[in-house]
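One structure is given below, encoded as structure tokens.
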Amino acid sequence: MLHSHRFIALAGLALLLPLSALAASSDAADMSGRYVDMQRCMERTMGKNWQQRYEVELARNRWGATEPTGPSIDSAPLVVRMTDMRCRREVNIETEPRP
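Read the sequence shown against the working numbering and you will find it ends at 86, with the numbers running on by one and no gaps.
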């Protein structure tokens, strides 16, 4: 009887693990989408290739998206910093750490 309960518990755990992996995958896809939206917001306001024009260094973040590094955005012109802050707020990534 003890073995059957242990088996049921292990089987239940085995079912939960793929669900948690699926949830993590879904979170990553959601966050990656937010960063794509962030880049669109920046391009709408600052124009294409704004990163090169304002010499803003990009790096890959933990979600696999590229975004300005903290020091790079801190030293960017005020208009870039303000636009970045507004766009991050619009797509709900304002509390996410920068690379």
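C-beta: ideal position from N, C-alpha, C; glycine also. Quick caveat, the model's predicted, so the values are computed rather than measured.
Asked	Found
Given a cut-off of 8 Å on the beta-carbon distance, is the pair R21 and V67 in contact?	no
Determine the DSSP secondary structure at T70, reduced to helix, strand or coil.	helix
Looking only at its own chain, which residues have a Cβ that is under 7 Å from the Cβ of M33, when we skip the five neighbours before and after it?	V67 and T70
How many angstroms separate the CA atom of M72 from the CA atom of E81?	7 Å
Return the Cβ separation of Y41 and P58 in integer angstroms, given the expectation that the two are a contact with Cβ distance under 8 Å.	With 8 Å as the limit, Y41 and P58 do not qualify as a contact, their Cβ atoms being about 14 Å apart.
Taking Cβ positions, are E44 and M25 nearer each other than 8 Å?	no
Helix, strand or coil for T32, going by three-state DSSP, please let me know.	helix
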